[in-house]
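Below is one structure; the comments refer to it alone.
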Amino acid sequence: MHSAVLLIEFGSIILGLGLLGRFAARFRLSPIPLYLLAGLAFGEGGLLPLGASEEFVSIGAEIGVILLLLMLGLEYSAGDLVTNLKAHYPSGLVDGALNALPGAAAALLLGWGPVAAVVLAGVTWISSSGVIAKVLGDLGRVGNRETPVILSVLVLEDLAMAVYLPIVTALVAGAGLLAGSLTLAIALGAAGLVLFVAVRYGRLISRFVSSDDPEKLLLVVLGLTILVAGVAQQLQVSAAVGAFLVGIALSGEVAEGAHTLLSPLRDLFAAVFFVFFGLHTDPASIPPVLLPALALALITAATKIATGYWAARRAGISPKGRWRTGGALVARGEFSIVIAGLAVSAGIEPSLGPLATAYVLILVILGPLTARYTEPLATRLTARRHPPETPGPSSSRVTEATVGRDGG
């Protein structure tokens, strides 16, 4: 009887997610806020709380995080990461300073303590690669000159995750300074080793994993990823970091094939993860933190736009491209929820989960709008502030003379 209820509940969840995804696609929206709302509806204090399938959903959510980070690692080769670090690290530093500090300050002002401040700093810092990539595709900007700048900022944020997640994991687990330092040293050592092996022996690893049979390739890559994620977690390093490093180590045709095979699985389990996060957030706890979440969302939307503008100007992009870069980086999503989920699971601060949920809901909706309208709005405001000068009589004569000499 229990298994029948589990199948009915889990089947209903998957069906509901599919319908929500189709609804979001029809209106060119990110489905993430709809998944979070679904979790709120069926979680603690929701319309219809789940019972039998919650433990199963929890396991699915953990796999979802692992697949999100694996697929992110597959997007980049080790060489690309090293190149991006050398060329764009100043943009990454500015990004971290402008966007992490508001989150940390907000947590301290709310009286949540230093651990919650570190967690909320990560929530406000990391942009949503998935949402941004979709928006760029929908707007036809993938080939734009500013797009490599956007991707560079996102890559640097992803690299920062390899350092940041172990720190957060140690902090929320209540580890002391020595244990936390050891965890970070292990994470950095593992990341450095994987990058070295990937650059030096990437072809050999890819050849070992490679297979012409899609079934065998899927099983080997998925099994290796979950195994490494488990070992990483056993060493008190985030399982997500382990998955990310596996993705970096694979390259070439293997990475492309694994990406194609694993994309549907990632979408399925990532959706389950967002639902799971919503399940553990009481809807009644959101209204008290809605105003702080809205204020934080507006502040960090502005700081992300400033980050993108600065990074694009440094790369020699035109003013219009700078505004487009900033507007595209506003959306937060999967990583913000992953970071907040670590604190929620550890019971760090009861209000942190609701605030992170409201924050992501606001910015995942606002992000596509800023990507589309920041540049035209900034252009219009600039034109009003600096209207073109009306030529006087002397300047008119100069213009006419010039036209006559140039081919009038």
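Under our numbering, think of the first position of the sequence shown as 1109, with each following residue one higher.
From the three backbone atoms N, C-alpha and C, an ideal C-beta is built for every residue, glycine too.
Q) If you run the structure through DSSP and keep just helix, strand and coil, what is Ser1319? A) As a first step, residue 1319 must be located in the sequence shown, where it is residue number 211. Taken through DSSP and simplified to helix, strand or coil, Ser1319 comes out as coil.
Q: Check whether the Cβ atoms of Ala1363 and Leu1193 sit closer than 7 Å, and answer yes or no.
A: The residue you call residue 1363 lines up with position 255 of the sequence shown. The residue you call residue 1193 lines up with position 85 of the sequence shown. No, these two residues do not count as a Cβ contact at 7 Å.
**Q.** Segment limits, alpha helix (DSSP H) that includes Ile1456
**A.** Taking the sequence shown and counting its residues from 1, one reaches residue 1456 at position 348. DSSP places Ile1456 in no alpha helix (DSSP H); its state is neither H nor E.
Q: Could you check the C-alpha separation between Ala1213 and Trp1233 for me, to the nearest Å?
A: Counted from its first residue, the sequence shown places residue 1213 at position 105. Counted from its first residue, the sequence shown places residue 1233 at position 125. If you take the alpha carbons of Ala1213 and Trp1233, they lie about 12 Å apart.
Q) Which residues in the same chain have their Cβ closer than 8 Å to the Cβ of Pro1322, if we skip the five residues on either side of it in sequence? A) Position 214 of the sequence shown holds residue 1322. Sequence-distant partners of Pro1322 (beyond 5 residues in either direction) whose C-beta falls short of 8 Å from its own C-beta, in its chain, are Gly1365 and Leu1369.
**Q.** Reduced DSSP category for Ser1235 - H, G, I as helix; E, B as strand; rest coil
**A.** Along the sequence shown, read from residue 1 onward, the residue named residue 1235 stands at position 127. Coil at Ser1235, not helix or strand.
Q. Ser1502 by DSSP, collapsed to three states: which one?
A. As a working mapping, residue 1502 is identified with position 394 in the sequence shown. Reliability fails at Ser1502, whose pLDDT of 45 lies under 50, so the model's placement of it is uncertain and the value that follows must be treated cautiously. Under the three-state reduction of DSSP output, Ser1502 falls in the helix class.
Q.
Measuring alpha carbon to alpha carbon, tell me which residue in Ile1394, Tyr1481 and Ala1409 is nearest Leu1144.
A. Looking up residue 1144 in the sequence shown gives position 36. Of the candidates Ile1394, Tyr1481 and Ala1409, Ile1394 places its Cα closest to the Cα of Leu1144.
Q) Applying the criterion that 16 or more other CB atoms from any shown protein chain within 10 Å of the CB defines a buried residue, is Ile1116 buried or exposed? A) Locating residue 1116 in the sequence shown gives position 8, counting from the first residue. Classification of Ile1116: exposed, given that the 10 Å Cβ count is below 16.
Q. How about the segment 1447 to 1454 and the segment 1224 to 1232: do they share at least three Cβ pairs that are nearer than 8 Å?
A. These segments touch.
(Q) Can you confirm whether the segment 1202 to 1219 touches the segment 1242 to 1250 when touching is taken to mean that 3 or more C-beta pairs between the two stretches lie within less than 8 Å? (A) The segment 1242 to 1250 vs the segment 1202 to 1219: no contact.
Q.
Short of 6 Å in beta carbon distance, which residues of its chain neighbour Ile1171, apart from the five on each side in sequence? Order them along the chain.
A. Mapped onto the sequence shown, residue 1171 falls at position 63. Hits under 6 Å: Phe1377.
Q) Does the count of Cβ pairs from the segment 1455 to 1463 and the segment 1390 to 1409 closer than 8 Å reach three? A) Touching, per the Cβ criterion.
(Q) Can you tell me where the alpha helix (DSSP H) holding Glu1364 begins and where it ends? (A) Taking the sequence shown and counting its residues from 1, one reaches residue 1364 at position 256. Counting along the chain, the unbroken alpha helix (DSSP H) around Glu1364 starts and ends at Gly1360 to Leu1387.
Q) Since Gly1560 is in the alpha helix (DSSP H), which residue starts that stretch and which ends it? A) A question about residue 1560 goes unanswered here, because the residues of the chain that appear run from 1109 up to 1516.
Q | Rounded C-alpha distance that separates Ser1371 from Thr1333 | A | Reading the sequence shown from its first residue, position 263 is the one you call residue 1371. Reading the sequence shown from its first residue, position 225 is the one you call residue 1333. One alpha carbon belongs to Ser1371, the other to Thr1333, and they sit about 14 Å apart.
**Q.** Spatial neighbours of Leu1520 in its chain, beta-carbon cut-off 7 Å, leaving aside the 5 residues before and after
**A.** Given a span of 1109 to 1516 for the chain in the structure shown, any question on residue 1520 remains unanswerable.
Q. For Ala1401, does the count of other Cβ atoms within 10 angstroms reach 16, so buried, or fall short, so exposed?
A. On the sequence shown, position 293 is the one that residue 1401 refers to. A residue is called buried once 16 or more other Cβ atoms fall within 10 Å of its Cβ, and Ala1401 is buried on that count.
Q.
Is the beta carbon of Phe1385 closer than 7 Å to that of Val1173?
A. On the sequence shown, residue 1173 is found 65 positions in, with the first residue counted as 1. On the sequence shown, residue 1385 is found 277 positions in, with the first residue counted as 1. No, the pair does not count as a contact, with Cβ atoms beyond the cut-off.
Q.
I'd like the list of long-range same chain contacts for Leu1123, defined as Cβ closer than 7 Å, with 5 residues on each side in sequence excluded.
A. Here the question's residue 1123 lines up with position 15 in the sequence shown. Cβ neighbours of Leu1123 within its own chain (closer than 7 Å, five residues either side excluded): none.
Q: Tell me the start and end of each unbroken alpha helix (DSSP H) in the segment 1182 to 1262 that is at least 4 residues and wholly inside, in chain order.
A: Complete alpha helix (DSSP H) runs here, min 4: 1186 to 1217, 1222 to 1233 and 1237 to 1246.
Q) Between Ala1347 and Ala1340, which are expected to be in contact by the criterion C-beta below 8 Å, what is the C-beta distance as a whole number of angstroms? A) Taking the sequence shown and counting its residues from 1, the one referred to as residue 1347 is at position 239. Taking the sequence shown and counting its residues from 1, the one referred to as residue 1340 is at position 232. Confirmed, Cβ separation roughly 5 Å.
Q: Tell me whether the beta-carbon of Leu1264 lies closer than 7 Å to the beta-carbon of Gly1211.
A: Within the sequence shown, the letter at position 156 stands for residue 1264. Within the sequence shown, the letter at position 103 stands for residue 1211. Not a contact, by the Cβ cut-off of 7 Å.
Q.
Taking a contact to mean a Cβ-Cβ separation below 7 Å, would you say Val1202 touches Trp1418 in this structure?
A. The count along the sequence shown starts at 1 and reaches residue 1202 at position 94. The count along the sequence shown starts at 1 and reaches residue 1418 at position 310. Between Val1202 and Trp1418, the C-beta spacing is below 7 Å.
Q. Do you know offhand how far Val1165's Cα is from Ala1149's?
A. Translated into positions along the sequence shown, residue 1165 becomes position 57. Translated into positions along the sequence shown, residue 1149 becomes position 41. Cα to Cα, Val1165 sits roughly 15 Å from Ala1149.
Q | Closest Cα partner of Ile1470 within the set Ala1439, Tyr1272, Phe1131 and Pro1222 | A | For the purposes of this step, residue 1470 is identified with residue 362 of the sequence shown, where counting begins at 1. The residue with the shortest Cα to Cα distance from Ile1470 is Ala1439.
Q) How long is the line joining the alpha carbons of Leu1055 and Thr1277, rounded to whole angstroms? A) Lying before the first or after the last residue shown, residue 1055 is absent from the chain, which here runs from 1109 to 1516.
Q: Work out the CA separation of Pro1139 and Lys1412 for me, nearest whole Å.
A: Numbered from 1 along the sequence shown, position 304 holds the residue referred to as residue 1412. Numbered from 1 along the sequence shown, position 31 holds the residue referred to as residue 1139. Roughly 22 Å between the two C-alpha positions.
Q | Proximal residues to Leu1325 (C-beta, below 8 Å), its chain only, five neighbours per side dropped | A | For the purposes of this step, residue 1325 is taken as residue 217 along the sequence shown, with counting starting at 1. Closer than 8 Å at Cβ, skipping near neighbours: Val1317, Ser1318, Ser1319, Val1362, Gly1365, Ala1366 and Leu1369.
Q | Minimum Cβ-Cβ distance from Leu1193 to chain C less than 7 Å | A | Among the chains of the structure shown, chain C does not appear; only one protein chain is present.
Q. Near Thr1255, which residues of its chain fall below 7 Å by C-beta distance, leaving aside the five closest residues on each side in sequence?
A. Translated into positions along the sequence shown, residue 1255 becomes position 147. Around Thr1255: Leu1244 and Arg1249.
Q: For my contact list, Ala1146 and Leu1125 are in at a C-beta cut-off of 8 Å; report their separation, rounded to the angstrom.
A: Numbered from its first residue, the sequence shown carries residue 1146 at position 38. Numbered from its first residue, the sequence shown carries residue 1125 at position 17. Contact flag correct, Cβ pair sits at about 7 Å.
Q: Under 8 Å by Cβ, that's how I've got Ala1405 and Leu1474 pegged, so tell me the actual separation to the nearest angstrom.
A: As a working mapping, residue 1405 is identified with position 297 in the sequence shown. As a working mapping, residue 1474 is identified with position 366 in the sequence shown. Right, the Cβ-Cβ distance comes to about 7 Å (below 8 Å), so this counts as a contact.
Q) What residue does the alpha helix (DSSP H) around Gly1416 start on, and which one ends it? A) In the sequence shown, counting from the first residue as 1, residue 1416 sits at position 308. First-last of the alpha helix (DSSP H) with Gly1416: Pro1395 to Arg1422.
Q) Between the C-alpha atoms of Arg1525 and Ile1258, what's the straight-line distance to the nearest angstrom? A) The structure shown has nothing for residue 1525, since the chain only spans 1109 to 1516.
Q | Separation of Val1261 from Ala1414, as counted between CA atoms | A | As a position in the sequence shown, residue 1414 is number 306, starting the count at 1. As a position in the sequence shown, residue 1261 is number 153, starting the count at 1. Approximately 13 Å between the Cα atoms of the pair.
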